[in-house]
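Notes follow once the structure below has been shown.
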């Protein structure tokens, strides 16, 4: 069965600093990978997705992620964070042929300090 | 405005009571989902519905059932709620079960005491 691991439960960075949130997956086939963001008292919103092709995918609000098959990873990055980026970030995976049955990681809570 | 609406947003029930969580979407999406979110576990899929009266178990269906009689409406039912069903429940929808974005509601926080 597939699984997603986000090893950092909580990350704190200063405003303007760069950011990397880690995501590792376990799946025997070629996965479809997603990053979602959850702001307080809100539902999840899609940041970006990877299906195939260029391993670096761009998302909203300056976020990008890089897929690495050799490392089974899909890390999220941002060059310069803003206080409004404070939220919980979820990495998710779906199997090929079952696109929207998502398996989620436990989430990483990001706190951006002024 | 495309959205998934969940009612109620907060609910407290006693153990053994029946619980009805309701979800609506205004996007004519075929596929709808129910997830629960627990600390340290992320979201887990309870049920998926491909259309009216076409429902399929997700990863953790035990203790839950669903009803979809109209395309825009999907209900989650807990018969005789248990304390371990205390959680935040998210409804979601997508145009169809394929490479389409999944839209999430704001969640219902259920506490079973």
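Protein chains in written order, with the numbering used here: chain A, 889 to 1002; chain B, 3 to 115.
Beta carbons: idealized from backbone N, C-alpha and C, even for Gly.
For clarity, every value in this text was computed on a predicted model and none was experimentally measured.
With a threshold of 16 other CB atoms inside 10 Å of the CB of residue i, please say whether the residue is buried or exposed.
i, result
"residue 8(B)", "buried"
"residue 971(A)", "exposed"
"residue 83(B)", "buried"
"residue 995(A)", "buried"
"residue 58(B)", "exposed"
"residue 913(A)", "buried"
"residue 889(A)", "exposed"
"residue 110(B)", "buried"
Determine the extent of the beta strand (DSSP E) in which residue i is found, giving its start and end residues.
i, result
"residue 19(B)", "Neither: residue 19(B) is in no beta strand (DSSP E) and is coded neither H nor E."
"residue 37(B)", "33–40"
"residue 968(A)", "No beta strand (DSSP E) holds residue 968(A); DSSP gives it neither H nor E."
"residue 979(A)", "975–983"
"residue 997(A)", "996–1001"
"residue 945(A)", "944–946"
"residue 953(A)", "952–956"
"residue 940(A)", "That residue, residue 940(A), is in no beta strand (DSSP E); it is neither H nor E in DSSP."
"residue 15(B)", "12–15"
"residue 101(B)", "Note, residue 101(B): premise wrong, no beta strand (DSSP E); not H, not E."
Among the options, whose alpha-carbon lies nearest the alpha-carbon of residue i?
i, options, result
"residue 48(B)", "55(B), 96(B), 105(B), 79(B)", "79(B)"
"residue 1011(A)", "904(A), 915(A), 965(A), 935(A)", "The requested residue 1011(A) is not part of the displayed model; chain A covers only 889 to 1002."
"residue 975(A)", "998(A), 896(A), 943(A)", "998(A)"
"residue 968(A)", "911(A), 907(A), 932(A), 892(A)", "907(A)"
"residue 62(B)", "56(B), 39(B), 103(B), 28(B)", "39(B)"
"residue 92(B)", "18(B), 21(B), 35(B), 5(B)", "35(B)"
"residue 50(B)", "1002(A), 990(A), 903(A)", "990(A)"
From the DSSP secondary-structure annotation, give me the bridge partner or partners of residue i.
i, result
"residue 44(B)", "40(B)"
"residue 49(B)", "36(B), 59(B)"
"residue 26(B)", "7(B), 75(B)"
Length-filtered (3 minimum) beta strand (DSSP E) runs lying within the segment 53–99 of chain B: 56–59, 67–72, 75–80, 89–96
Runs of beta strand (DSSP E) wholly within the segment 906–931 of chain A (minimum 3 residues, chain order): 907–909, 912–914, 920–926
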